[in-house]
Structure formats: structure tokens, C-alpha cells
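Q:
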Amino acid sequence: MGSDWKKDLAGFFEEYAIIETSKKETLDDFAQFCEFIVEPAFEILSGELKEFGIRSKSRRVKGKSLTFLINFPGSRIDNFHYAICLPKNSIELRLTLRIRGRKSRKNVLEEKPLPFMDSINPVGVLKLKKEDIILDVIRHYRDFVLESLVTSL
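Note that the numbering used here has the sequence shown beginning at 742, numbered continuously upward.
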């Protein structure tokens with residue numbers, strides 16, 4: 742036989758501890774990313790959208806997601822959602838993006854899951870700037886609105 746089951750068992754618990762530590766560190770990194778990069782970016786963008794008569798707000802689900810909601814111009818009805826999500830049990834900041842929107846005030850929200858800034862690796866997420874987030878929100882919002890205008894005819 743020759744198998745040292747005690748060594749195998751100790752190895753298992755060591756791997757288990759590493760994974761649990763990685764999950765906690767990832768949650769902490771996500772919280773830091775949201776607090777210092779994403780939330781300030783959303784606040785800046787919200788102020789600019791007011792200049793165009795568009796209401797917006799952000800919604801955070803601790804340890805899970807941070808969503809920026811944009812209403813239809815001059816309305817209280819939400820038009821577009823940009824949600825940065827941390828998948829459950831993540832051991833690195835490999836985030837996902839959930840885009841939701843409605844083409845008109847009467848339509849239901851349609852959802853489109855995407856990778857979050859797929860050119861950025863998990864280590865690079867914490868190096869993003871507020872402007873990077875703002876530009877990404879604007880790009881997705883613009884694409885969604887323009888596509889809605891031409892497909893709802």
C-alpha cells in the first residue's frame with residue numbers, strides 16, 4: 742500500500758484553508774474595488790446624467806454586486822442596468838457584467854450576461870481607474886440605447 746493517509750488528510754485541510762483564505766481575500770478586494778473605484782465613478786456619472794435630465798442611482802448587494810441604474814430621460818422608470826458581479830465562491834476577481842434594459846417604458850427588462858472588461862485580468866481589476874468604469878458604462882449604455890432605437894421600429 743504505502744499510502745500515508747495522515748499526510749493526505751493534512752494536505753487536504755491545508756488546501757481547504759488556502760481556498761477559504763482566497764475566497765475571503767477576494768471578497769475584501771471586491772469590497773475595496775466597489776468602495777474606492779466603482780461607487781465614486783457611478784456618483785460622477787450620475788451627476789453628469791442629471792445635466793441631461795436623466796435620473797440614476799446605484800445599488801450594492803454586499804459581497805455580490807454593484808449596479809448602476811439609469812432611468813428613461815425625464816422619467817422614474819428604469820431603462821438600463823449595469824451590474825458588476827462577483828460570482829459566488831470566487832477565489833479571484835474574475836468579475837462578470839450583467840446588462841439589463843428595456844427598449845421602452847412598457848417593455849420588460851431583458852438581461853445579457855457578459856464578462857466584465859474581458860481584456861483586464863483579475864489582478865488588473867484593482868488597478869482600474871474611475872474613468873475606466875465611466876467609459877465602460879457609457880459604452881454599454883450607448884450601445885444599448887442605439888440598438889433599442891433601431892430594433893424597436
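A virtual CB, placed ideally from N, CA and C, is assigned to each residue, including glycine. Since the model is a prediction, treat every value here as computed from it, not as a measurement.
Taking the Cβ atom as the reference point for each residue, do Glu872 and Ala782 lie within a distance shorter than 9 Å?
A: Along the sequence shown, read from residue 1 onward, the residue named residue 872 stands at position 131. Along the sequence shown, read from residue 1 onward, the residue named residue 782 stands at position 41. Yes, they are a contact pair.
Q: Considering only residues of the same chain and omitting the five flanking positions on each side of Val878, which have a CB-CB separation below 7 Å?
A: Numbered from its first residue, the sequence shown carries residue 878 at position 137. Leu786, Phe809, Tyr823, listed in sequence order.
Q: Give me the Cα-Cα distance between Met742 and Leu834, rounded to the nearest whole angstrom.
A: What you label residue 742 is simply residue 1 of the sequence shown in a count that begins at 1. What you label residue 834 is simply residue 93 of the sequence shown in a count that begins at 1. Bear in mind that the predicted position of Met742 carries a pLDDT of just 44, short of 50, making it unreliable; the figure below should be weighed with that in mind. One C-alpha to the other measures close to 42 Å.
Q: When you compare only the Cα positions, how much space is there between Asp897 and Phe857?
A: The question about residue 897 has no answer here: the residues shown for the chain are numbered 742 through 894.
Q: So, Arg839 versus Glu851, is the Cβ gap smaller than 9 Å?
A: Position 98 of the sequence shown, counted from the first residue, corresponds to residue 839. Position 110 of the sequence shown, counted from the first residue, corresponds to residue 851. No, these two residues do not count as a Cβ contact at 9 Å.
Q: Roughly how many angstroms separate the alpha carbons of Lys803 and Glu888, rounded to a whole number?
A: As a first step, residue 803 is located in the sequence shown; it is residue number 62 there, counting from the start. As a first step, residue 888 is located in the sequence shown; it is residue number 147 there, counting from the start. Between Lys803 and Glu888, the C-alpha separation is close to 32 Å.
Q: How long is the line joining the alpha carbons of Ile832 and Ala758, rounded to whole angstroms?
A: On the sequence shown, position 91 is the one that residue 832 refers to. On the sequence shown, position 17 is the one that residue 758 refers to. If you take the alpha carbons of Ile832 and Ala758, they lie about 12 Å apart.
Q: Could you pull the start and end residues of the alpha helix (DSSP H) that Val878 belongs to?
A: Taking the sequence shown and counting its residues from 1, the one referred to as residue 878 is at position 137. Its alpha helix (DSSP H) spans residues 871 to 892.
Q: Who does Arg839 pair with in a DSSP beta bridge?
A: Looking up residue 839 in the sequence shown gives position 98. In the DSSP output, where bridge partners are listed per residue, Arg839 has Ala824, Pro854.
Q: In angstroms with no decimal places, state the Cα-to-Cα distance between Lys765 and Asn830.
A: Mapped onto the sequence shown, residue 765 falls at position 24. Mapped onto the sequence shown, residue 830 falls at position 89. So the alpha carbons of these two residues sit roughly 9 Å apart.
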